[in-house]
Structures are given as C-alpha cells and as structure tokens.
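Here the structure comes first, spelled out in structure tokens, and everything after it is commentary.
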Amino acid sequence: MSISVAMTVNGKAVSGKVEARTLLVQFLREHLGMTGTHVGCDTSQCGACVVDVDGKSVKSCTILAVQAEGSKVITIEGLAESPDKLHPMQEAFRENHALQCGFCTPGMVMSAIDMVKRHNYQLDEATVRRELEGNLCRCTGYHNIVKAILAAAPAMKSAGV
Amino acid sequence: MTAATGIGARVLRTEDKRFLTGTGRYVDDLPLARATYAYFLRSPHAHAKIKNLDISAAAKMSGVVNIFTGKDLVDAKVGGLICGWVVKDKHGEPHKAPPHPVMAVDTVRYVGDTVAMVVANSYDDAKDAAEAIKVDYDVQPANIDLAKSFDKGSPQVHPEAPGNLIYDWEIGVKADVEAAFAKAAHVTKLDLINNRLIPNAMEPRAAAAEYDKGTGNYTLWSTSQNPHVLRLILSAFVLGIPEHKLRVVAPDVGGGFGSKIFCYADETMVCWAASRVGRPIKWTAERSESFQTDCHGRDHVTHAELALDKDGKFLALKVETIANMGAYLSTFATAVPTYLYATLLAGQYTTPLIYANVKAALTHTAPVDAYRGAGRPEATFVVESIVSKAAAEMKIDPAELRRKNFIPSTAFPYQTPVALQYDSGNYPPIIDEAMKMADYKGFEARRTEAKSRGKLRGIGFSSYIEACGLAPSQVVGSLGAGVGQWESAQIKFNPTGNVQVMTGAHSHGQSHETTFAQIIHDKLGVPMDQIEIVHGDTATTPFGMGSYGSRSLAVGGSAIVKATEKIIAKGKKVAAHLMEASVADVEFENGVFKVTGTDKNVPLAQVVFAAYVPHNYPLAEVEPGMDENAFYDPANFVYPAGTQICELEIDPDTGTTEIVNFTAIDDFGNIINPMIVEGQVHGGIVQGVGQALLEGAVYDKSTGQLISGSFMDYTMPRADNFPSFKLGYKVTPCPHNPLGVKGCGEAGAIASPAAVMNAIHNALAPVGVKHVEMPATPLNVWQSIKGAQRQAAE
Chain A
1 MSISVAMTVN GKAVSGKVEA RTLLVQFLRE HLGMTGTHVG CDTSQCGACV VDVDGKSVKS
61 CTILAVQAEG SKVITIEGLA ESPDKLHPMQ EAFRENHALQ CGFCTPGMVM SAIDMVKRHN
121 YQLDEATVRR ELEGNLCRCT GYHNIVKAIL AAAPAMKSAG V
Chain B
1001 MTAATGIGAR VLRTEDKRFL TGTGRYVDDL PLARATYAYF LRSPHAHAKI KNLDISAAAK
1061 MSGVVNIFTG KDLVDAKVGG LICGWVVKDK HGEPHKAPPH PVMAVDTVRY VGDTVAMVVA
1121 NSYDDAKDAA EAIKVDYDVQ PANIDLAKSF DKGSPQVHPE APGNLIYDWE IGVKADVEAA
1181 FAKAAHVTKL DLINNRLIPN AMEPRAAAAE YDKGTGNYTL WSTSQNPHVL RLILSAFVLG
1241 IPEHKLRVVA PDVGGGFGSK IFCYADETMV CWAASRVGRP IKWTAERSES FQTDCHGRDH
1301 VTHAELALDK DGKFLALKVE TIANMGAYLS TFATAVPTYL YATLLAGQYT TPLIYANVKA
1361 ALTHTAPVDA YRGAGRPEAT FVVESIVSKA AAEMKIDPAE LRRKNFIPST AFPYQTPVAL
1421 QYDSGNYPPI IDEAMKMADY KGFEARRTEA KSRGKLRGIG FSSYIEACGL APSQVVGSLG
1481 AGVGQWESAQ IKFNPTGNVQ VMTGAHSHGQ SHETTFAQII HDKLGVPMDQ IEIVHGDTAT
1541 TPFGMGSYGS RSLAVGGSAI VKATEKIIAK GKKVAAHLME ASVADVEFEN GVFKVTGTDK
1601 NVPLAQVVFA AYVPHNYPLA EVEPGMDENA FYDPANFVYP AGTQICELEI DPDTGTTEIV
1661 NFTAIDDFGN IINPMIVEGQ VHGGIVQGVG QALLEGAVYD KSTGQLISGS FMDYTMPRAD
1721 NFPSFKLGYK VTPCPHNPLG VKGCGEAGAI ASPAAVMNAI HNALAPVGVK HVEMPATPLN
1781 VWQSIKGAQR QAAE
C-alpha cells in the first residue's frame, strides 16, 4: 500500500508515494535520485546517511520517509552556495585532505556541521573525537577529519553559517 | 616544474569536489532505466547438505521476475570461481583445488554461502520473496577451529582436500636452521594468533549489469579494484562471455583494502542473469551480507623461534604457521600466507638463516584472502613481536637490539635468505628519528609519572619492511601467479591541447586523479586543470592490473612516465619540423620545445595541434596524432621500510588501553604529494591499531555462526580511539623505477599491530603478564592482569 509524502528537501518542495516501510534515505536516493546521501550499514552505526531534519542531525536510515512528512530536510547536495562556493565545512575537508574514497564524507560533513553548531563554534580536539562516535571512516584514520572540523568551526562562525 | 603543483607538491585533490557535494557516482548510485533488483539467499548454516530447495511459492510472489539456483548454473554449464595463484607444496605438488561453485548445488560450506538469487521489480520485493524460498537443510558438523583443522576426526570441508589441507609449504633449509639453533646462546620462543579481520570498506560491495540484445554486449558495473582482471576471470574461466563482449566498469569505489580485488559469486550472478532477465539488474550488499561474504583477512596460528648469540646477533629464525583459507579458495588466497608472508620474515635484519613452514587449512568459514598488507602484516607481526620479546628476555634495549641486527646501508642490494633482494634502504636514521620524535629518552620518567596516577604505561617498537609495487611478472610467474603484474598507461592529447590519461590502475580512495596529474604536469608542463585521469573502465582504458599491493604509483606511475617519454620523443620530431631544426638539437622543458642555444621555441600545445591538423607536418616520417601507450613491468618489488613507536597507558582496574603517542617514520622513496601520503599512513595506522586493540572476526566454534556480524558486534576504530599521529620521512629513492618511488598504502597497517602489542607487553610486564593476544580489548587485558595476579599468589 502506498502513502503520499511531502517535504522540503534543500529548499525545494518534493512529494512522492512510498511504502509505509520506506526509509527517509530510500526516499532521497531511490525516489528523488539524490544519491549523495549514502548507506554504509544496516544497524545505524556508520553515519554515512546523516542529513539535517528540521535543524536536527538525523541518520536517515533510522527514520521512515513518512516521519519526515512536512519537514525541512537538508542533504549534502544542499550545502554549497554554488558549484564554486563550497560550505566552509566542505572547504575545510578539502583543504585538510579529510576524505579519501569519499563514501563516508557526506555523513561526516553533515554531522560535523551539526557538531560545530551544537558547540557554539567552539571545539577542542577531544570533543571532536568524542562527537564523531557515530560516524565511521575506514580510510583517513580520522586524523585529518578532526583537523578539518577544528579548522571549519571558526570559518563557519565568520561566514555566519 | 612549478613548485606549487609538480612532483613533491602538496596539491589539493582534484576528486574532492564531487565527493564533497554528493555528486560522486558509486555503483549503487547508477540510474538504470527499467532496472530489476537482486537479493541473494545465503546459507544460515556453516555446513549442511541441501536436501530440497523449493522456489515455487517465492516465484509467485508480487514483483518477482526470476529466481536462479545453483542447479540453473550447472544446467547452463557455468564454470566455478577460481584461485589464480598455484602454490606448489614442499614436494613440488600443486595445491589442492576443490571446486568453488558460484552458487551452492548440494552443499553449503559457510554461513553466507550463496544459495539462490531472486530478481524482482524492487529490492523489497526480492527480499520478501527470498524469505519464501523453502530450503530443507541437513545440518552437518562444521570445522571452525583453525588450530584443530588437521586433527583426525575434524569435519571435512571438501573431499578433494583430505584432512582439510590445501598445501604444506616451506621455504629455507630446515637442517641449516636447526644447526644454527644448536649453537645459540639464547632462544626466544613465541606462540601467537594473528586475528581474523573483516575488511569493512565503507561502501558495501555492489554490482549492476545490463545486456544489449542488439550487440550481444554485457556491461557489468562492479565495486572492483581491478576491473580488467575481473573481466578476464569472468570471460576465461567462469561465464565464457568473450572479453570483447564484456565491459566492466568500476566507477567511484568507496574503499577496498583488498576485499574488492576478488571475483565474487554475487557480481558473477548479476552479470550472468542480465541476459536471461532481459532488464538491467542491480545489487548492493547489506552490511550484514558484507560481514558474511566479503573475503576476510589474516587468521594465522603461529609458533616462532629466534636464535641469538650472546651479544644479541640473530643467528636463525624458524616459523610454523597454519593459515586459514576459509571454505573455498578465493582469487589470490594461496599466495598471501606464502609468497607475501614468509618472504618477508627477514624484516630489516641480517638474520642469515630462516626456515618457514606454512600449512593452509580449509574451514567452514568465509573465504580468507588479501587484506591491506596481505601477508606482510602477518610477517611483520611475527618478526617484530619476537624481536621485542628477545630484547626483554636478554635485557637489551629493544631499539639497541634492532640496530645491532639492521642490514647496513652499505649492503644494498641485499639478498635475504627468503628469496627477496632488497633494492635500497637505510634503516638506522629512521629509528633514530622516530626515537627523537617520540622522546624515547623521556619515557621512563613518563612511566613513573603514569604509575603515580595508577596507570601502566608502555612503549613499543615496530621496524617493518615490506615488498610491494606488485610485481615483476617473471618472478611472480615462476612462483605460480596466473597473471602478469605490469601496468599500463595511455596519454591521449586532444587537438585543443588538453589531455586524457588512461591508467590501468584503479583509485578507490588513493587519489590517483591528483597524484597522476601531478606527474603529467611535472613531465609535460600541462596545467593541472587541463588533465583528466581516466580509470576503471575496460572500454576506455588499456588493459591494466588494477590497484592492490601498493602498486599504483610504483608500477602505474612508472607506466605514465614511460608514456610521457614517448610523447616527448614524438613531439621533438614535430617541433624540429616546425622550427626547421634538427631533432638532435631540440630539447623539451616546462612544456616547451626549444632549439638548443637559440631562442626558437614552440609550446607542446602547438605541437599537439599540428599533429592533429597536419598541414605543416613531417608526414613522411611521423604519424599524425598525439596519443601514446606504455606498459611497464617492474624490475623488482619496491621495499618501503620504517619504524613506528607506540606509547600507551593501561588502566589496570578496567583493562582499558589509551594510546597517548604514536610516531611513524617511513621511507617511501621519493614522494609525489606529501599530503596524500600522510593520509595513507594515517589510515593504515588506524587499521593496524584496530587489529591490535579492537577488531576480531569471531565464529561460534560449534555452530560456525558469525558472532561479530555487524557494526554493533565488530568494533571498528573510531576517532576517539586515537591521538593525533606524528609522522616523518627519510628518503632513499627506489633505484629501479623512473620516479624513485616506493609504495605507501599498506605500510601503516603492516607495522602498527606489532608496535601496539609490544607497547602493551611492555606496559604489562611489571605486573607479570607474559602474553596477550590481539585484539587487546579491555576484557582481554583485564583478564591477563588478573591471571598474572592469580599466578603470583599461588
């Protein structure tokens, strides 16, 4: 049985018909073709699917599409102001070589932005490492991800994002 | 070339933008019109006979397009999966090669063995239907305990390999080693387990396939590290689709670490079924499926003995290892615990005599094959563990004992007693630098301070060597490899002056799009934004061997350099014509051809244009176009080496270990992009530390169920398990490749388990703990401490 669902994704109104069991991440990837959000596990551990739902950082494999009815969702595709102007967190990841294969990157970047905001743009290394508990990366050893987030915090503050 | 972007420069990555904006294109992201979706029914038993397999109810379910079983493959005469490396045992006999059906026919041999493939209109439909397949299993006893695999009465995995023995292999002369042991002043003995690991690249394996009825061509998209090799195996051995009718594409791939080298059942099925279904098929592993069916790594049981003279000079080493192959032989499984393992047992040392015996065992577990480092981490763990243990027993400083036995820098090329000839190296300055950076001198004071806080502090060394840059084809051929291991490159200029560089190597995180472009920029002077590196598609790239064994730069980069030389040679002829000069007088520098000693010059872009619009062109002597191919077969392996020092603190009340300092000094030869190399080292260290402290694949010894089958049960390294790392480099260029480079992709993972475990043993020695196995989890460490306390009390 299909259910209608409507929400705003990256500022654009979208809608579709889903099954009750359809996850938000499936809706994004399979219905909307927005494949930037990734699925790396089936137990909500890896964090590759993190998106922002109404200002909250959410693992999109952990909620149903219908639970996001009427919500404002932001995904990795919605961060950069333009193709040439990346979000300060994206820019910090690039400058600090905080990604290799790129698969965990969308979730990492989304979680990192949320982390910086929740800590009011003030982070230290231990906090960043602790806060990354819900995001797995197999390539970078986290070293440069931590560096990137620490560099992005003041950059986000001065950019007002 | 310009310091900013040429060889040696810290250039930001070209590939980052698409990954950072969610516009990368991984296999599961492919939009395929009219696609169907596959789900594989996997065996829930480690060992069982299939008495009956009934798909009738499932076939009637909503959305189901087709269901295939092992019997369909038998009927279609599909071949089995292959092992591509023939290892000869100590009697010269080839290893036992039991059949490896793509899907089980009458027997399942591990939890996760493939039983049926359901193809449906949606993934959920396929999964629902798979649940309705009725399989009547007759469950059999399973052989799970590696150490007992050869015991009489252990359940047999394949009748073709009696006693579960795949081979009994050796290297070195046992009698000579025994004679040296008889004269030793000291013998250190060590029993250890190299724990089984599950690779867990963050992108699960995936495949998609499409069949074009008009041309009869198949396209298979796969998360492969080596698409040409996958095509070769599928064509020549498994499916019989001619190579020129099968295109294999490995687009963006989310990490591999070895696990995506091999030819797997599921991608084979997706390809085979595409023509039968008549619509594209997509399949992506769920993570639990990855845990069960990706080839696992390591899994050795080893006994080693080191003979020393009274001053601590190594006289001889002997090693006995049982290596787990799992239930079937995967693509390169046989080579990993032999030629990639025992040949590294000399380490950085002059040990004159080495004997190793390796017995490969079948068990009712997932196949085991190459995983980051493949054999070399296992060798390094044996050597560096026993050296540190010997140092502790003989009360010699562990750095001093290492230094006493290092191969001197004057001895290169150095022939080891285990086949390899090390081409270059200089080990003492590496350990000196590591000790300085780690403040080794200050360690005892830090240990005392930690003790005042109730913590046990330890420090551990690991001085590794590895052989990578796989590989000189004739050498590996003589050892049983079924393929050559050269690499290819094509440099294709377009008339407007920009350039596409096709490589047979494959990047799944290694940053080739940047590193290789730096080489082109450096050698040909083409601006970085005018260079496109193309990889991963058999239709557009020359046949190549892919990426594994830290080979992409040393072998693939060398092929690119060879191709640049051809471009320059041809360009000189064209430029000579354009400048009305003799070819011998033309030189090439910074992208410009010049007539020596004059101010006459013509830029490469103009030469390229002339080559495509040859109106004023030496057509009688030179072909038009600017498009050159090169193949490079290395003269030897490359030999990166280094020293890591790990310093950690253990809380004896909880058994928790905290790494407080980690230093790595490496010799990777010349470095193209230090930023990228550092990233590779960071990731490698973390994977190795993961093995030492956190990770371990656990099968239930009676049922063969994979207990560590999800991220909730298998501990992946997380950011808060580590401090920031301290890295440094010493450079001895590789003498036999044109870039002077060695490999950096595996080094971190090769060295770090021993560094961590030596530090753990160093920390726990004062409380009487003799040996801790990996992973040194809090429970494991706590039990070791309690065990030692109990023993002391008795």
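Same order as they appear, the protein sequences are chains A and B.
Numbering-wise, the working numbering puts 4 at position 4 of the first sequence, and it's gapless, one number per residue.
Position in the second sequence (first residue = 1) + 1000 = the working numbering.
For every residue, glycine included, the Cβ atom is placed at its ideal position computed from N, Cα and C.
Please classify residue i: does DSSP put it in a helix, a strand, or coil?
i: D1311 of chain B; result: coil
i: P1603 of chain B; result: strand
i: V1102 of chain B; result: coil
i: S1222 of chain B; result: strand
i: T1114 of chain B; result: strand
i: L1693 of chain B; result: helix
i: T1002 of chain B; result: Any reading at T1002 of chain B must be qualified, since the residue scores a pLDDT of 48, below 50, and its modelled position is unreliable; the value itself is stated next. If DSSP states are grouped into helix, strand and coil, T1002 of chain B belongs with coil.
i: L1030 of chain B; result: coil
i: N1762 of chain B; result: helix
i: N144 of chain A; result: helix
i: F1631 of chain B; result: strand
i: R1457 of chain B; result: strand
i: K1127 of chain B; result: helix
i: S111 of chain A; result: helix
i: I1491 of chain B; result: strand
i: I1261 of chain B; result: coil
Taking residue i as the query, report the chain B residues whose CB atoms sit under 7 angstroms from its CB, ordered along the chain.
i: Q122 of chain A; result: Going along chain B, no residue has its Cβ under 7 angstroms from Q122 of chain A, so there is no contact; the nearest lies around 18 angstroms.
i: Q45 of chain A; result: F1711 and M1712
To the nearest whole angstrom, what separates the beta carbons of residue i and residue j, a pair I think is in contact under 8 angstroms?
i: Y1422 of chain B; j: I1645 of chain B; result: Incorrect: roughly 22 angstroms between the Cβ atoms, too far for contact.
i: N1758 of chain B; j: E1384 of chain B; result: 7 angstroms
i: A1754 of chain B; j: G1425 of chain B; result: In fact, because the Cβ distance is near 18 angstroms, the residues do not count as touching under 8 angstroms.
i: G1373 of chain B; j: S1463 of chain B; result: About 15 angstroms separates the two Cβ atoms, so there is no contact after all.
Using the beta-carbon count (16 or more within 10 Å), is residue i buried or exposed?
i: I1431 of chain B; result: buried
i: H1095 of chain B; result: buried
i: D1016 of chain B; result: buried
i: T1515 of chain B; result: buried
i: P1251 of chain B; result: buried
i: T1002 of chain B; result: The pLDDT assigned to T1002 of chain B is 48, lower than 50, so where the model puts this residue is not dependable, and the model offers no usable value.
i: P1159 of chain B; result: exposed
i: A159 of chain A; result: exposed
i: M1502 of chain B; result: buried
i: M1712 of chain B; result: exposed
i: P1775 of chain B; result: buried
i: I1133 of chain B; result: buried
i: N1750 of chain B; result: The sequence shown places Ile at residue 1750 of chain B, rather than the Asn named in the question. Buried, since its Cβ has 16 or more Cβ neighbours within 10 Å.
i: V1173 of chain B; result: exposed
i: K1090 of chain B; result: exposed
i: T1215 of chain B; result: exposed
i: G1748 of chain B; result: buried
Could you name the residues of chain A that residue i contacts, counting a contact when the two beta carbons are closer than 8 angstroms?
i: F1722 of chain B; result: R129, G141, Y142 and H143
i: G1258 of chain B; result: Per Cβ cutoff of 8 angstroms: no residues; G1258 of chain B is ~12 angstroms from chain A at best.
i: H1508 of chain B; result: C101
For a contact defined as C-beta to C-beta under 9 angstroms, what are the partners of residue i on chain B?
i: V161 of chain A; result: By Cβ distance, chain B contributes nothing, its closest Cβ being about 15 angstroms from V161 of chain A, past 9 angstroms.
i: T35 of chain A; result: G1022, T1023, G1024, R1025, Y1026, D1028, D1029, L1030 and P1031
Mind listing the chain A neighbours of residue i? Cutoff is C-beta to C-beta under 7 angstroms, in chain order.
i: F1019 of chain B; result: L99, G102 and T105
i: G1683 of chain B; result: Q100, C139, T140 and G141
Which residues of chain A have a Cβ atom closer than 9 angstroms to the Cβ of residue i, listed in chain order?
i: L1470 of chain B; result: The premise fails here: L1470 of chain B is roughly 21 angstroms from chain A at the closest Cβ pair, so nothing lies under 9 angstroms.
Taking any Cβ of chain A, which residues in the region 1686-1719 of chain B have a Cβ under 7 angstroms from it, in chain order? V1686, S1710, F1711, M1712, M1716, R1718 and A1719
Relative to chain A, which residues along the region 1417-1434 of chain B have a C-beta separation below 8 angstroms, given in chain order? none
Could you name the residues of the region 1176-1210 of chain B whose beta carbon sits closer than 9 angstroms to any beta carbon of chain A, in the order they occur along the chain? P1199, N1200, A1201, M1202, E1203 and P1204
What residues from the region 1023-1043 of chain B come within 9 angstroms of chain A, judged by C-beta to C-beta, listed N to C? T1023, G1024, R1025, Y1026, D1028, D1029, L1030 and P1031
Using a beta-carbon distance cut-off of less than 9 angstroms, what residues from the region 1247-1279 of chain B approach chain A? D1252, V1253, G1254, G1255, G1256 and F1257
For the region 88-121 of chain A, which residues have a CB atom closer than 8 angstroms to at least one CB atom of chain B, in sequence order? Q90, F93, R94, E95, H97, L99, Q100, C101, G102, F103, C104, T105, P106 and V109
Identify each residue in the region 50-84 of chain A for which the Cβ-Cβ distance to at least one residue of chain B is less than 7 angstroms, and report them in chain order. T75, I76, E77 and A80
Chain A contacts from the region 1278-1305 of chain B (Cβ-Cβ distance under 7 angstroms): E1286, R1287 and S1288
Between the region 1645-1677 of chain B and chain A, which residues of the former have CB atoms less than 8 angstroms from a CB of the latter, in chain order? M1675 and I1676
Quick one: which residues of the region 1501-1526 of chain B get their C-beta closer than 8 angstroms to a C-beta of chain A? List them in chain order. H1508, G1509, Q1510 and S1511
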